[in-house]
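Under the working numbering, residue 463 is the last one in the sequence shown; the count climbs by one each step, no gaps.
Just so you know, even glycine gets a beta-carbon here, dropped at the ideal spot from N, CA and C.
This one's a predicted model, so the numbers in the text were calculated from it and none came from an experiment.
Notes for the one structure printed next.
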Amino acid sequence: MRVHIRLGPARHGHTPQWGVAAYDRGFVAGEIQRGVRQLRSDRALLALRTPLTQPLSGAALLSPAAAGVFVHECFGHTSEADNYLAQEASADRVLGDRWTAAPLTVRDTPGARPYAGSYREDDEGTPARTVTLLTEGRWTGLLTHRATRRLSGGRSTGHGRGGAGASVPRCSVLDVEPGPYSPTELLRQMGDGWLLGTAVGGYSVRGLLILELLWVRRVRAGQLTDEVLGPAVVCAKKSALAAQVTAVGNDVSVNSSPYTCVKEGHEVGSTLISPSLLLNRCVLRPLDQLERAQGRP
């Protein structure tokens, strides 16, 4: 396989739009190799896949890749200060509340390297700081820029991204602290359910989290089977789905390809570092039922 890499200009305002790592040829080449391995694995499962034709519910194990997108949408975007203010009146969670039953800890670490979401200073020139969004399941931090710095003790956390006069708070390198359980132990805890595999999309709409999956794989008595369905979508209220997180794995994976994250038409690099997460229950739907699911409370 021959791959040609063309790297664009490394500055967007004061900060590389795609993060410092997106312009490191060695890093990008390594990510391509990882991506090829993932594609080969997916191809083998797609050969077994049959269409998901009706909703399914039950326990689910989010693979590290799917868990990273879940964390990005559920905790990353929700902790951006402008989103927090916009939804404050109608939100069922406020800073200090518990999100997950499991002791889940999530940090946004823009200074971590070398990742697609990495940067030293935000687009307002403020040094980037690590912010702990969740501490053992409880909401403890927000991502701010100059206009929202009152929500972080009067000092911006350095998460303002965008052009001059149009910056907004953005998450960058989201890092989930690993738990004590191996994937085998999580499957055993789950018993019967589904392994949620490669995520091909994720976004938020009116407090809902939408996670699009290339495939899901049946688990029976803690063992993977050859029953593979897909594509599938999870569409649920963020707070309701987060409350189903009951265990955290120790199999941390870095997804930084670089991921694109779009907010108000502005794209930035994004990095997702996460282990597997066990959900007590979720509903899997065919993609063609997504619009109907979004209309539900």
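Q: Quick one: give me the first and last residue of the alpha helix (DSSP H) that Thr350 is part of.
A: Note, Thr350: alpha helix (DSSP H), Pro349 to Met356.
(Q) Using C-beta distances below 8 Å, list every residue in its chain close to Ala294, excluding the 5 sequence neighbours before and after it, in chain order. (A) Only Pro276, Gly277, Tyr285, Arg286, Glu287, Asp288, Thr323, Gly324, His325 and Ser338 meet the Cβ criterion.
Q.
Using the Cβ count rule (16 or more neighbours within 10 Å means buried), how would you classify Asp392?
A. exposed
Q: Report all residues from its chain with a CB closer than 6 Å to the CB of Ala187; omit the five preceding and five following residues, and keep chain order.
A: Residue placement at Ala187 is poorly supported in this model, since its pLDDT is 44, which falls under 50; the coordinates still yield a value, given next. Phe193, Pro280, Tyr281, Ala282 and Ser284.
Q) So what's Ser442 in DSSP terms, helix, strand or just coil? A) coil
**Q.** Val235 classed as buried or exposed, judged by whether at least 16 other C-beta atoms fall within 10 angstroms
**A.** By the 10 Å Cβ count, Val235 comes out buried.
Q: Specify the secondary structure class of Cys448 as computed by DSSP and reduced to three states.
A: Three-state DSSP puts Cys448 in a strand.
Q | Closest Cα partner of Leu379 within the set Glu430, Pro346, Leu450 and Ser333 | A | Leu450
Q: Quickly, what does DSSP pair Gly201 with across the bridge? List them, please.
A: Per DSSP, none; premise fails for Gly201.
(Q) By the DSSP assignment, the beta strand (DSSP E) with Ala225 in it spans what residues? (A) Leu222 to Leu228
Q: For the beta strand (DSSP E) containing Tyr250, list its first residue and its last residue.
A: It is not in any beta strand (DSSP E) - Tyr250 instead sits in the alpha helix (DSSP H) that spans Ala247 to Gln253.
Q | Paired residues, beta bridge with Val297 - DSSP | A | Under DSSP, Val297 forms a beta bridge with Asp274.
Q. If you pair each beta-carbon of the segment 342-351 with each one of the segment 409-425, do three or more pairs fall below 8 Å?
A. A contact exists between the segment 342-351 and the segment 409-425.
Q | Same chain, Cβ closer than 6 Å to Thr301, neighbours up to 5 away in sequence not counted | A | Thr271
Q: State the DSSP-derived secondary structure class of His238, mapped to helix, strand or coil.
A: helix
(Q) Quick check: the Cα distance between Pro441 and Pro230, rounded to an integer number of angstroms? (A) 5 Å
(Q) Taking the alpha-carbon of Glu246 as reference, which of Arg209, Lys404, Leu317 and Gly303 has the nearest alpha-carbon? (A) Distances from the alpha-carbon of Glu246 to those of Arg209, Lys404, Leu317 and Gly303 put Leu317 closest.
Q.
If you follow the beta strand (DSSP E) that Ala267 is in, where does it begin and where does it stop?
A. No beta strand (DSSP E) contains Ala267, which DSSP labels as neither H nor E.
Q.
Once DSSP output is grouped into helix, strand and coil, what is the label at Asp454?
A. helix
Q) Taking the C-alpha atoms as reference points, what is the distance between Thr364 and His311? A) 33 Å
Q: Apply the 10 Å Cβ neighbour rule to Pro221 and answer buried if 16 or more other Cβ atoms are within range, or exposed otherwise.
A: exposed
Q: Following the continuous beta strand (DSSP E) through Leu377, name the residue where it begins and the one where it ends.
A: Residues Leu374 to Leu379.
Q: Give a yes or no on contact between the segment 250-266 and the segment 403-411, applying the rule of three or more CB pairs nearer than 8 Å.
A: yes
Q: Take Gln410 and list the residues in its own chain whose beta-carbon comes closer than 7 Å to its own, dropping the five residues that flank it on each side.
A: In its chain, beyond the 5 residues on either side, Leu445, Asn446, Arg447 and Cys448 have a beta carbon closer than 7 Å to the beta carbon of Gln410.
Q) What does Ser370 pair with, by DSSP beta-bridge criteria? A) Leu375
Q) Can you list, in chain order, the residues of its chain whose CB lies under 8 Å from that of Asp208, leaving out five sequence neighbours each side? A) Gly363, Thr364, Leu380 and Trp381
Q: Just tell me which of Leu375, Gly373, Gly328 and Leu390 has its CA closest to the CA of Arg354.
A: Leu390
Q: Between the Cα of Leu214 and those of Ser436, Val420, Val394 and His432, spot the shortest distance and give me the residue it belongs to.
A: Val394
Q) Apart from the five residues just before and just after Gly396, which ones in its own chain have a Cβ nearer than 7 Å to its Cβ? A) Closer than 7 Å at Cβ, skipping near neighbours: Arg215, Leu218, Leu379, Leu380, Trp381 and Val382.
(Q) Per DSSP, what are the beta-bridge partners of Arg383 in this structure? (A) Leu361 and Val394
Q) From this set, Leu309, Ala387 and Lys429, which residue's C-alpha is nearest Gly357's C-alpha? A) Ala387
(Q) In this structure, how does DSSP classify Arg215 when only helix, strand and coil are distinguished? (A) strand
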